[in-house]
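All remarks here apply to the structure that follows.
2 protein chains.
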Amino acid sequence: MDRAPVARSLAGALALAALLAAGCGGGPATPARTAAPEAAPPPPSAVAVDPLPSWNEGAAKAAIVGFVARVTREDGPDFVPPSERVATFDNDGTLWAEQPIYVQLAFALDRVRDLAPQHPEWRNKEPFKSALAGDPKAALAGGERGLAELLAATHVGNTTEEFDAIVRQWISTAHHPRSGRPYIEMVYQPMLELLAYLRANGFKTFIVSGGGVDFMRPWTEDVYGVPPEQVVGSRARLEYKVRDGVPVIERLAGVDLVDDKAGKPVGIQQQIGRRPIAAFGNSDGDFEMLEWTTSGPGARLGVIVHHTDGTREWAYDRGSPIGTLAHALDEAPKRGWVVVDMKRDWNTVFGFER
Amino acid sequence: MDRAPVARSLAGALALAALLAAGCGGGPATPARTAAPEAAPPPPSAVAVDPLPSWNEGAAKAAIVGFVARVTREDGPDFVPPSERVATFDNDGTLWAEQPIYVQLAFALDRVRDLAPQHPEWRNKEPFKSALAGDPKAALAGGERGLAELLAATHVGNTTEEFDAIVRQWISTAHHPRSGRPYIEMVYQPMLELLAYLRANGFKTFIVSGGGVDFMRPWTEDVYGVPPEQVVGSRARLEYKVRDGVPVIERLAGVDLVDDKAGKPVGIQQQIGRRPIAAFGNSDGDFEMLEWTTSGPGARLGVIVHHTDGTREWAYDRGSPIGTLAHALDEAPKRGWVVVDMKRDWNTVFGFER
Chain A
1 MDRAPVARSL
11 AGALALAALL
21 AAGCGGGPAT
31 PARTAAPEAA
41 PPPPSAVAVD
51 PLPSWNEGAA
61 KAAIVGFVAR
71 VTREDGPDFV
81 PPSERVATFD
91 NDGTLWAEQP
101 IYVQLAFALD
111 RVRDLAPQHP
121 EWRNKEPFKS
131 ALAGDPKAAL
141 AGGERGLAEL
151 LAATHVGNTT
161 EEFDAIVRQW
171 ISTAHHPRSG
181 RPYIEMVYQP
191 MLELLAYLRA
201 NGFKTFIVSG
211 GGVDFMRPWT
221 EDVYGVPPEQ
231 VVGSRARLEY
241 KVRDGVPVIE
251 RLAGVDLVDD
261 KAGKPVGIQQ
271 QIGRRPIAAF
281 GNSDGDFEML
291 EWTTSGPGAR
301 LGVIVHHTDG
311 TREWAYDRGS
321 PIGTLAHALD
331 EAPKRGWVVV
341 DMKRDWNTVF
351 GFER
Chain B
1 MDRAPVARSL
11 AGALALAALL
21 AAGCGGGPAT
31 PARTAAPEAA
41 PPPPSAVAVD
51 PLPSWNEGAA
61 KAAIVGFVAR
71 VTREDGPDFV
81 PPSERVATFD
91 NDGTLWAEQP
101 IYVQLAFALD
111 RVRDLAPQHP
121 EWRNKEPFKS
131 ALAGDPKAAL
141 AGGERGLAEL
151 LAATHVGNTT
161 EEFDAIVRQW
171 ISTAHHPRSG
181 RPYIEMVYQP
191 MLELLAYLRA
201 NGFKTFIVSG
211 GGVDFMRPWT
221 EDVYGVPPEQ
231 VVGSRARLEY
241 KVRDGVPVIE
251 RLAGVDLVDD
261 KAGKPVGIQQ
271 QIGRRPIAAF
281 GNSDGDFEML
291 EWTTSGPGAR
301 LGVIVHHTDG
311 TREWAYDRGS
321 PIGTLAHALD
331 EAPKRGWVVV
341 DMKRDWNTVF
351 GFER
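Next comes the structure, spelled out in structure tokens:
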């Protein structure tokens, strides 16, 4: 069977609540690495300390540092007041690894296993049967419909607080299948430095991801220093009700926002209410966010993280069903977007390498 | 004709994009009063300066100050870390006056006048005919359907940036029909002090209003010190597109969220992603927000502003189609919610009185 078209339609559907195929582990809990939270910009230091030590000197680093210098220079022509320094970051493939499968899909597959005892009918029903047999590729062979079934069975029908607890429990115990590290250690060290550097320069940093917002919020503050109210993502329909005397918010089966492609500027407008001046992505799903950000007046920064390091991370772009990067890569030069070459521009990819 | 049922159904519909009936003015621009923006909490002062000088001493002020002291005392049993100090405020009737009509309705009626030259058909068509004749009550006699027509004609079919400019222009020139003051001066001085006081104690302050989010965001930062990304409101459906080579976000005719009643906890979850620990409202439209806020674990604060001052402001509650307050007032004692008696608890209502 030709799996490529299936994988591609999946990639589209997954943008939905964020996903794709293979195994994943479980193991002892490891505490999340913490990042500096939002803070008022400190006074400029007299000592020049490189705020981006994991970035090699080169065009990408120079473009980022130059942009920040321009918008923060109070007497300069490109000065932007701190309240308008909004920077948005895609998550999967931009802030943390998305290979060999989106982390949220690993979560969904693990959750099928956890819920299986209450669903004896899954033993003979796809996509659950294959998921339980440890064959996620077969589980996803049903395309969008199978995926939707997986998501519905594992992501909704609970309250926001119940789901929060489920995600916290999983993320503190699950491990990446290749590195054996907790998923929260699969974040890119250069991007953690960049988040902190922008915040130190008065920026407010937001995540704008195709992934599920309720899957990210439980851990983004600890891991990235980005609080829940600064996370924009795809979301389930919600309903407030008082259940047996207890107020709850229920997560329903419908999708309220697909925060991907043209959905990203919409999510940004709904939740942030102003156009970012800097945006960071890695795939064609981020094209519209970068287009919207960089077509505004004044100084603008659009950055694409290009996965070029097959040794320390993964090398993929046009042909990959996960994180497809073609149109945005073609457009980058004419739009003045910075393309970060992971292999060349980053001296460290993951913090655990050091 | 009995106008009460019409007014009541309107009050429901208006929660939608926020509205109700009578005249409104126009005049010279006046600069917005500014409020202190979000900032890191300053070190506790050795000198005791009353942070709430417009509040008379009494049970309401004591309850608010006592709550803040409890959640900020690091070694106390009710301590809440700053990142979780989320406070939400209704807008109409809680932060600024909503009589004799919701400000956003005054905006809609003025906009009918502005747009009339392009719509000769409005001269013979309700609700526009009555709106143009200066008779807003007749204009709204058509109930929800007429109101929906008014909103559709005046609020959508433009881009987010066009609408932002329209609101900025209007709010800087329109005047309140009774005080003759710019609408942005119809904000409550005690509530401005409360917003600043909470922020000085590490709270993040949000507006959560039934009013249109795009109607509020252009001025909330100047007037309340609340930036656009901390404003939750009712919203139109949005669509991102590239129009004649220019990326825009279009405001469509459908409603994406009615941020009122049970819609408020949903809006809070969508945009803030955590349950507030303090909530402030003035009507039954705020009931669910207060219920959701105060039913969480730990120290919680629910506050209702009760309009009791017919001299300095307006006196209304159960019988009023605007800002109906009945159920929430009845429930306040059993739920431990603080009821602010405007007449008794506030020594100043509007800053311009002084």
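Sequences listed follow chains A and B, in order. In this text, residue positions in the first sequence follow the numbering used here: the first is 1, and each later residue adds one. In this text, residue positions in the second sequence follow the numbering used here: the first is 1, and each later residue adds one. In this text, a Cβ means the ideal position worked out from N, Cα and C, and glycines have one as well.
query, result
"Identify the contact partners of B:Q270 in chain A, using a Cβ-Cβ distance below 9 Å as the criterion.", "V213, R235, L238, D256, L257, Q270, Q271"
"What is the DSSP secondary structure of B:K61, counted as helix, strand or coil?", "helix"
"Quick one: which chain A residues come within Cβ less than 9 Å of B:V231?", "G273"
"Relative to the C-alpha of A:S172, which residue among A:S130, A:G134, A:G211, A:F215 is closest?", "A:F215"
"Hey, B:L252 and B:V167 are a contact pair by Cβ (cut 8 Å); roughly how many whole angstroms apart?", "With a Cβ gap of about 18 Å, B:L252 and B:V167 do not count as contacting."
"Please go through the same chain and pick out, in chain order, the residues whose beta-carbon is closer than 7 Å to the beta-carbon of B:R70, but skip the five residues on each side of it.", "G76, D78, A299"
"Quick check for students: name the residue ranges of the alpha helix (DSSP H) that lie wholly in the stretch 197-278 of chain B, counting only runs of 4 or more.", "213-224, 263-271"
"With respect to 7 Å, is the separation between the Cβ of B:G210 and the closest non-hydrogen atom of the ligand ZN below this value?", "Because no ligand of any kind appears in the structure shown, any question about the ligand ZN cannot be addressed here."
"Got a sec: is the Cβ-Cβ distance from A:S179 to anything in chain B below 8 Å?", "no"
"Taking the straight line between their C-alpha atoms, what separation do you get for A:F350 and A:R312?", "8 Å"
"Assign B:H307 to one of two classes, buried (16 or more other C-beta atoms within 10 Å of its C-beta) or exposed (fewer than that).", "buried"
"Can you pull the DSSP bridge partners for A:H119?", "According to DSSP, which records beta bridges pairwise, A:H119 is partnered with nothing at all."
"Under 8 Å: do the stretch 136-154 of chain A and the stretch 184-199 of chain A share three or more Cβ pairs, one atom per stretch?", "no"
"Out of curiosity, what's the CA-to-CA distance linking A:G58 and A:D345?", "7 Å"
"Against chain B, does A:I277 count as a neighbour if the rule is that its beta carbon must be under 8 Å from one of theirs?", "no"
"Is A:V242 buried or exposed, if buried means 16 or more other CB atoms sit within 10 Å of its CB?", "exposed"
"Three-state secondary structure (DSSP) at B:T308?", "strand"
"Taking the continuous alpha helix (DSSP H) assigned at B:F287, which residues delimit it?", "287-294"
"Leaving aside the five residues before and after B:P56 along the sequence, list all residues of the same chain whose C-beta is less than 8 Å from its C-beta, in chain order.", "Per the sequence presented here, residue 56 of chain B reads as Asn, with Pro not at that position. Once the five neighbours on either side are set aside, the close Cβ partners of B:N56 are R344, D345, W346, N347."
"Expressed to the nearest angstrom, what Euclidean distance is found between the alpha-carbon atoms of A:S320 and A:V339?", "18 Å"
"With H, G and I counted as helix, E and B as strand and the rest as coil, what does DSSP make of B:H327?", "helix"
"Quick one: using the 10 Å Cβ neighbour count with 16 as the cut-off for buried, is A:K334 buried or exposed?", "exposed"
"DSSP on A:W170, reduced to helix/strand/coil?", "helix"
"How far does the alpha helix (DSSP H) with B:D345 in it extend, from its first residue to its last?", "342-345"
"Cα separation between A:I272 and A:P120?", "44 Å"
"Using the three-state DSSP reduction, which class does A:D92 fall into: helix, strand or coil?", "strand"
"Quick one: does A:T160 have its CB under 8 Å from some CB of chain B?", "yes"
"Return the chain-ordered list of same chain residues with a C-beta closer than 7 Å to the C-beta of B:N158, the five sequence neighbours on each side being excluded.", "R251"
"Tell me which same chain residues have a C-beta within less than 7 Å of the C-beta of B:R85, skipping the five on either side of it?", "V71, G202, F203, K204, I277"
"So, at 8 Å on beta carbons, what are the nonlocal neighbours of A:G26 in its own chain, with the 5 sequence-adjacent residues on each side left out?", "For A:G26, the pLDDT reaches just 30, beneath the cut-off of 50, and the residue's location in the model is therefore unreliable, although a value from the coordinates is still provided. D110, T173, A174, H175."
"Can you check whether the C-beta of B:W346 is within less than 8 Å of a C-beta belonging to chain A?", "no"
"What separation, rounded to the nearest whole angstrom, lies between the Cα atoms of B:G146 and B:A131?", "11 Å"
"What are the residues of the stretch 214-225 of chain A that lie near chain B, defined by any Cβ-Cβ distance shorter than 7 Å?", "R217, E221"
"Please report the straight-line C-alpha distance between A:F328 and B:Q118, rounded to a whole angstrom.", "Going by the sequence as given, residue 328 of chain A is Ala instead of Phe. Those two C-alpha atoms are separated by around 41 Å."
"Find the residues of chain A that neighbour B:V266, judging by a C-beta separation of less than 8 Å, and give them in chain order.", "L238, E239, Y240, I249"
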